[in-house]
Every structure is written in structure tokens, then in C-alpha cells.
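Right, one structure below, let's go through it.
Numbering (our numbering), first residue to last: 742 to 840.
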């Protein structure tokens, strides 16, 4: 399993860099295989309907053609039904977003 982490500049990038090695080790421990974790910093925007705009992830698809999963990491506070939204997934595109 190959993972791509994309984080907003600033604190989100610092958190991504701090956890990338632990994430790779955790995946290896859980699935028993090495898991390359690539990291990139890109501005993650919201669309007009306040959903995460995944163009940052899609723009990197050519650079990482064998990527299994892409995770967007952002500091943007997001809510759904008045409660904090911590994770959003798009299983068709194999993407998730973490706050």
C-alpha cells in the first residue's frame, strides 16, 4: 500500500512531517508489508459548497501513478450538523481528508 499525504502549508505540514514515519511503521505493523509514505505541501481549498477541493490531490496523480490512498491534512474547521467533521472520505477516488 502506497500513501500520499498532502497538507496545507504551516501547522498542518508540520504535523504531517511529524507523523509520516509513524504512519508508515503502523501500516507495516498492521498489514505486514512496507508502505511508502510520500508527503507534499499544497494549499487545500474549499469548493463553493464548502467541500474540500481535491484538485491538489488530483494534480499530483501523474507524479505518483501507483498511489493507493491520498490523505489531505488541513487545519480548516469544518462542521456537519453542528458537530466537528474530522474525516471526509471519497472511496471512488481513494482519498480522505483529516482535520
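Each residue gets a CB set at the ideal place from its N, CA and C atoms; glycine is no exception.
Exposure label - residue i; buried when at least 16 CB within 10 Å
i: residue 809; result: exposed
i: residue 790; result: exposed
i: residue 792; result: exposed
i: residue 797; result: buried
i: residue 787; result: exposed
i: residue 744; result: buried
Presumed contact (8 Å Cβ cut-off) between residue i and residue j, rounded CB distance
i: residue 782; j: residue 748; result: 6 Å
i: residue 752; j: residue 812; result: Rounded, the Cβ-Cβ distance is 16 Å, inconsistent with contact.
i: residue 814; j: residue 757; result: 5 Å
Paired residues, beta bridge with residue i - DSSP
i: residue 745; result: 779 and 811
i: residue 842; result: Given that the chain is displayed from residue 742 to residue 840, the structure contains no residue 842 and the question cannot be resolved.
Boundaries (first-last residue) of the alpha helix (DSSP H) holding residue i
i: residue 822; result: Element bounds for residue 822: n/a, residue is neither H nor E.
i: residue 801; result: Premise fails: residue 801 is in no alpha helix (DSSP H) and is neither H nor E.
i: residue 771; result: 752 to 772
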